[in-house]
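Engineer: Below is a structure I'd like to ask you about.
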Amino acid sequence: MPRAPPTAQRFLFPELPATDQHGKRIYVFRHLQTQQIIYSFYNGIQMQHIRTQLPFIGKHSVPSSVRRDLWTPHCVVTFPTARQGEHAFKLLREFRRLHELRWKEQNPEWSIELTKKQLIKKIMNQRANMTADLQKVLQIQAKIGKREEWEAGVHSELVQSIEKKRWAEIEELAALVDKGEVDRLEAKIQALQRKHERAESKTEEAESETNKESISLAMTRQRRRIKKLLWAKSEIETRDAELQRHLAIEQQKIDAEHAQLVSERNLQINNVREWNAFRRRVGEEKWVEIGTPKPPYPARIPPRKLLGTVPASENPYIKTVIPKKFATPPPEPFAVEGAVEVEWADIYDAEYAGPWNRDDQDERSAWPGIQIGTLDTVTKAHSFITEAEFEQQVNDEWQKMRKGAQEEAQAAWDAEERRLRESGEEEKKRSSKLWSALEAVRWRIGMSPKKLTA
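Going letter by letter, the sequence shown gives residues 18 to 471 in my numbering.
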């Protein structure tokens, strides 16, 4: 069956709440008996995860099905961006595969001291390795983040220098237009045209052709120069217009905030005046001055700000002169300290990690600047579900959206039916474009065509 075009896919299969924020959170599951580890982007385990992530290293090393009573949440890692989460997901799976395939390099005694069954259990147990791998991944991302921050700063400085240089050139060209450069070039073109006509009347063909080519080339250069000057003038005018529009929008926001603040302060003053009037009517002497509400001073209302000139960096039209290879901003740098959150089902699993920096005696913490959660945080913030429950959740959301679409289509159908019946155009309903569109919608969402009775 051919796939629907992207526009139809977005209409028929929109993003559901169960599938959004893909990549920003990594869910880690652990097998209670074998201590195997599985990584997932959503809070459930699929059989696909077992097939693709767990290698066959011996009998019963790959579970034949997903048993909820044997798989438990191990931890949840939350990243600030999906790109960083996908990068960590890739590294975690690669590190675990290295533990499963290159165990001889770090533990050569296993092949001598352990039996085959014990060796399989040792390799399958990745509980401690997962913590060390996560710490190593965050260390790698911290280094990448520093490099990306430096690259972003270099890119920003380069873009600003290009903007400044290009706009200086454009302003210089626009100034020439104001000085009458275009009129001078047009007069020069007319002179070249007359010279070209005289060259055509000459008898010597070789010399005449050479003169005509040189004159035509000179005229082309002058026309290009005029076109460039007019373009520069237009760019300056458009930039100034966009700047004024930007200023007007910002001024409207500031005025609205100021008006709201003035309204709130006036309301406070009115309430105080009503309260004082009530006290005077009652005349009770038990109220002391300290309990009397004080009206705010008028000076507390800040003056309305007026925007003047805005820096060039705040004018969005400034970016239009940047070359395409510099127009795309660099991605958001990786952030670890204060941005990554690790929530452990068993907080003691976090102790499998060594010092973050073994060389620096002042930084021997295992997770510096990283938020650590506990079992309550994990169970309350994230509801872990199985593959069937996840599919049921997505299906329920889709059925709810489908039911809403059916109700809207039915309401539109009934409205068209009433319109045709009231207008006496029952015989024309089949040829109506709206009627045909409604039939198509009903067919698409699975409703049988409805036959109207006279």
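Quick reminder that beta carbons are idealized off the backbone N, C-alpha and C, glycines included.
#1: For histidine 39, does the count of other Cβ atoms within 10 angstroms reach 16, so buried, or fall short, so exposed?
#2: What does DSSP give as the partner residues of histidine 48 in its beta bridges?
#3: In its own chain, which residues sit with a C-beta less than 8 angstroms from the C-beta of valine 338, not counting the 5 before and 5 after it?
#4: Please confirm if the segment 123-135 is in contact with the segment 146-163, defined as three or more CB-CB distances below 8 angstroms between the two stretches.
#5: In the DSSP assignment, what residue or residues form a beta bridge with valine 93?
#6: Could you tell me whether the Cβ atoms of isoleucine 62 and phenylalanine 46 are closer together than 7 angstroms?
#7: Is the distance from the Cβ of phenylalanine 96 to the Cβ of valine 357 below 7 angstroms?
#8: Starting from serine 78 and walking both ways along the alpha helix (DSSP H), at which residues does that stretch end?
#9: So, are the CB atoms of leucine 246 and leucine 209 less than 7 angstroms apart?
#10: What did DSSP end up calling tyrosine 56 once you bin it into helix, strand or coil?
#11: What's the C-alpha gap between tryptophan 88 and leucine 49?
#12: I'd like to know whether the C-beta atoms of histidine 66 and serine 57 end up nearer to each other than 7 angstroms.
#13: Only counting the same chain, and skipping five residues up and downstream in sequence, which positions put a Cβ closer than 7 angstroms to that of valine 171?
#14: Would you tell me roughly how many angstroms separate the C-alpha atoms of glutamate 368 and lysine 270, rounded to the nearest one?
#15: How far does the alpha helix (DSSP H) with histidine 104 in it reach, from first residue to last?
#16: Does the distance from the C-beta atom of methionine 64 to that of valine 83 stay below 7 angstroms?
#17: Going by CA-CA distance only, name the one from Ile54, Ala352, Leu437 that's closest to glutamate 166.
#18: Compare the Cα-Cα distances from arginine 42 to each of Arg100, Leu71, Thr69 and report the closest residue.
#19: Is the beta carbon of histidine 91 closer than 7 angstroms to that of alanine 508?
#20: Who are the Cβ neighbours of tyrosine 314 in its own chain at under 6 angstroms, not counting the five residues just before and after it?
#21: Check whether the Cβ of lysine 417 lies closer than 7 angstroms to any Cβ atom in chain D.
#22: Contact check, glutamine 52 vs asparagine 142 under 8 angstroms by CB: the rounded distance?
#23: So which of Leu278, Glu349, Trp248, Ala145 has the shortest CA-CA distance to isoleucine 364?
#24: Starting from phenylalanine 351 and walking both ways along the alpha helix (DSSP H), at which residues does that stretch end?
#25: Report all residues from its chain with a CB closer than 7 angstroms to the CB of valine 176; omit the five preceding and five following residues, and keep chain order.
#26: Under 7 angstroms between the Cβ atoms of leucine 193 and arginine 242?
#27: Go ahead and pull the three-state DSSP assignment for serine 280.
#28: How many whole angstroms separate the CB atoms of alanine 216 and lysine 205, which I take to be in contact at a CB cut-off of 8 angstroms?
#29: Give me the Cα-Cα distance between glutamine 416 and glutamate 424, rounded to the nearest whole angstrom.
#30: Would you kindly work out how many angstroms separate the C-alpha atoms of proline 350 and glutamate 168, rounded to a whole number?
#31: Distance check for glutamate 254 and serine 231, CA to CA, integer angstroms please.
#32: Quick check: the Cα distance between glycine 162 and glycine 197, rounded to an integer number of angstroms?
#33: What residue does the alpha helix (DSSP H) around histidine 213 start on, and which one ends it?
#34: With distances taken between CB atoms, is the gap from glutamine 140 to glutamate 174 smaller than 7 angstroms?
#35: Determine the burial state of lysine 420: buried for a count of at least 16 other Cβ atoms within 10 Å of its Cβ, exposed for fewer.
#36: Within 10 angstroms of its Cβ, does glutamine 277 collect 16 or more other Cβ (buried), or is it exposed?
Structural biologist: On the basis of the coordinates in this document:
#1: exposed
#2: Trp88
#3: Ile179, Glu180, Arg183, Trp184, Ile187, Glu252
#4: no
#5: Tyr44, Glu360
#6: The Cβ atoms of isoleucine 62 and phenylalanine 46 lie closer than 7 angstroms to each other.
#7: Their beta carbons are under 7 angstroms apart, which means phenylalanine 96 touches valine 357 by this criterion.
#8: Element bounds for serine 78: n/a, residue is neither H nor E.
#9: no
#10: strand
#11: 6 angstroms
#12: yes
#13: No residues qualify anywhere along the chain.
#14: 51 angstroms
#15: 99-118
#16: yes
#17: Ala352
#18: Among Arg100, Leu71, Thr69, the Cα nearest to that of arginine 42 is on Arg100.
#19: There is simply no residue 508 to check, as the chain begins at 18 and stops at 471 in what is shown.
#20: Annotation note: pLDDT 43 at tyrosine 314 (below 50); position unreliable, coordinate value reported separately. Once the five neighbours on either side are set aside, tyrosine 314 has no close Cβ partner at all.
#21: Among the protein chains of the structure shown there is no chain D, as only one such chain exists.
#22: 4 angstroms
#23: It is Ala145.
#24: Per DSSP, phenylalanine 351 belongs to no alpha helix (DSSP H) and is neither H nor E.
#25: Ile339, Phe343
#26: no
#27: Judged by DSSP in its simplified three-state form, serine 280 adopts helix.
#28: The beta carbons of alanine 216 and lysine 205 sit about 16 angstroms from each other, so the pair does not count as a contact at 8 angstroms.
#29: Distance between the alpha carbons of glutamine 416 and glutamate 424: 12 angstroms.
#30: 9 angstroms
#31: 35 angstroms
#32: 53 angstroms
#33: 198-217
#34: For the record, residue 140 in the displayed sequence is isoleucine; it is not glutamine. For isoleucine 140 and glutamate 174, no; Cβs fall outside 7 angstroms.
#35: exposed
#36: Flag for glutamine 277 reads exposed.
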